[in-house]
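S.K.:
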Amino acid sequence: MRSLKQYQRLYRVLFVSLFSSQLLTACVQDTSDLDAYFEEHRSKQARAIKPIPEVKPYLRYVYPQNEKDPFDVSMLLPNDVPVVDTGVKVDTTRVKEFLEGFPLDSLRMVGTVKKDNHLWALIKIPDGGVQSVKKGNYLGHNYGKILGISETEIQLSETVSNGLGGYKERENKIILNQ
């Protein structure tokens, strides 16, 4: 009875001989059928290509100075809309805080910490990091100032455009995520 090593050696010899015979068969010098195929296709007449259509030159139109500009957006806006000043102002000189770089709906309250008798809220930002905030800090794109922090929510006041050229304050809150 033959052992496992003898069978492995037999299979190796058989595999090598089959592989070698395939390599030798592929290296045959007779390529007459391939040559005939190429000669047949070279002798065929090539089809004519349609000529490219002639491009008409662009005729530029210059608008006279006294006519209306068709690209002037101010023509679409009504002229009689008054600017409503509600007295709410945005402090553009204040340096923006880190959390003002995120939309408010992407920020999540994940907890609170009490430090020096002040309650700090823990805010999770979109990349997974956690930031601590206290009353008076700002967050969100709409100048959201934190008015108060409780164990379950953050109350804030946002300053948003009123659509009439001014600003208005809007109350908002972020609730603790469970």
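If you use my numbering, the sequence shown corresponds to residues 10 to 187, in order.
All C-beta atoms in this analysis are idealised placements derived from N, C-alpha and C, irrespective of residue type, glycine included.
(1) Do the segment 111-122 and the segment 59-77 meet, that is, are 3 or more Cβ pairs less than 8 Å apart?
(2) Report buried or exposed for residue 82, applying the criterion of at least 16 other Cβ atoms within 10 angstroms of its Cβ.
(3) Could you give the uninterrupted runs of the beta strand (DSSP E) lying entirely in the segment 140-173, keeping only those of 3 residues or more?
(4) If you pair each beta-carbon of the segment 142-154 with each one of the segment 105-119, do three or more pairs fall below 8 Å?
(5) Answer yes or no: do residue 94 and residue 172 have a C-beta to C-beta separation smaller than 8 Å?
(6) Is it buried or exposed for residue 167, if we count other Cβ within 10 angstroms and need 16 for buried?
(7) I'd like the ranges of any alpha helix (DSSP H) spanning at least 4 consecutive residues and lying wholly in the segment 30-79.
M.R.: On the basis of the supplied data:
(1) no
(2) Here residue 82 is taken as the residue at index 73 of the sequence shown, counted from 1. Label assigned to residue 82: exposed.
(3) 153-158 and 162-170
(4) yes
(5) On the sequence shown, position 85 is the one that residue 94 refers to. On the sequence shown, position 163 is the one that residue 172 refers to. Cβ distance not < 8 Å, so residue 94 and residue 172 don't count as in contact.
(6) The residue given as residue 167 occupies position 158 in the sequence shown. Buried, by the Cβ-count rule.
(7) 41-52
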